[in-house]
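The structure under discussion appears below in the form of structure tokens.
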Amino acid sequence: MFLKNIFIALAIALLVDATPTTTKRSAGFVALDFSVVKTPKAFPVTNGQEGKTSKRQAVPVTLHNEQVTYAADITVGSNNQKLNVIVDTGSSDLWVPDVNVDCQVTYSDQTADFCKQKGTYDPSGSSASQDLNTPFKIGYGDGSSSQGTLYKDTVGFGGVSIKNQV
Numbered sequence: 128m129f130l131k132n133i134f135i136a137l138a139i140a141l142l143v144d145a146t147p148t149t150t151k152r153s154a155g156f157v158a159l160d161f162s163v164v165k166t167p168k169a170f171p172v173t174n175g176q177e178g179k180t181s182k183r184q185a186v187p188v189t190l191h192n193e194q195v196t197y198a199a200d201i202t203v204g205s206n207n208q209k210l211n212v213i214v215d216t217g218s219s220d221l222w223v224p225d226v227n228v229d230c231q232v233t234y235s236d237q238t239a240d241f242c243k244q245k246g247t248y249d250p251s252g253s254s255a256s257q258d259l260n261t262p263f264k265i266g267y268g269d270g271s272s273s274q275g276t277l278y279k280d281t282v283g284f285g286g287v288s289i290k291n292q293v
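Using the numbering used here, the letters of the sequence shown map in sequence onto residues 128 to 293.
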């Protein structure tokens, strides 16, 4: 149910103020392939209790460094640039790395180009790209941040293309 709500929210966010590029009608749903990437934990999950629990008994659990992400393959631009993006379950925004992105290494296991490994977006390669001349900057809970310029372009996923997405 949770995953269904995520994809409904993503679909609504992408479809708002958008025009499909085809007039083909479907049964009402778009299939979206995604993968779940689970980061190894630095610490084990512990419940702080020993012994047996009865059915439906609540057990307090402390999660340390629990990180699960949902990723989806999308295309961006009139030339269908392929990217694998993380579906941010806490945001309606779609962030993609620009071809000229400067990756900021935060963790020891990251390479210098870690943020380019799942694809980058080159606005100059898309005839539908529109630079909105609007800078953005967003900070995250771990202290990292992203900044850049907003663009409007075509976004595709699950066999559907949506024009004029910011």
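The beta-carbon is built from N, C-alpha and C at its ideal position, and this holds for glycine as well.
Can you list, in chain order, the residues of its chain whose CB lies under 8 Å from that of residue 298, leaving out five sequence neighbours each side? What the structure shows of the chain is the stretch from 128 to 293, and residue 298 is not part of that stretch, so it cannot be assessed.
At least 3 beta-carbon pairs within less than 8 Å: the stretch 259-267 vs the stretch 236-246: no
Does the separation of the CB atoms of residue 205 and residue 281 fall below 8 Å? yes
If distances are taken between C-alpha atoms only, which option among 233, 196 and 217 comes closest to residue 272? 233
DSSP-derived helix/strand/coil call for residue 285: coil
Cut-off 6 Å between Cβ atoms - residues of its own chain near residue 253, not counting five sequence neighbours on either side: 204, 205, 206 and 280
Which value, in whole angstroms, describes the spacing of the CA atoms of residue 196 and residue 221? 14 Å
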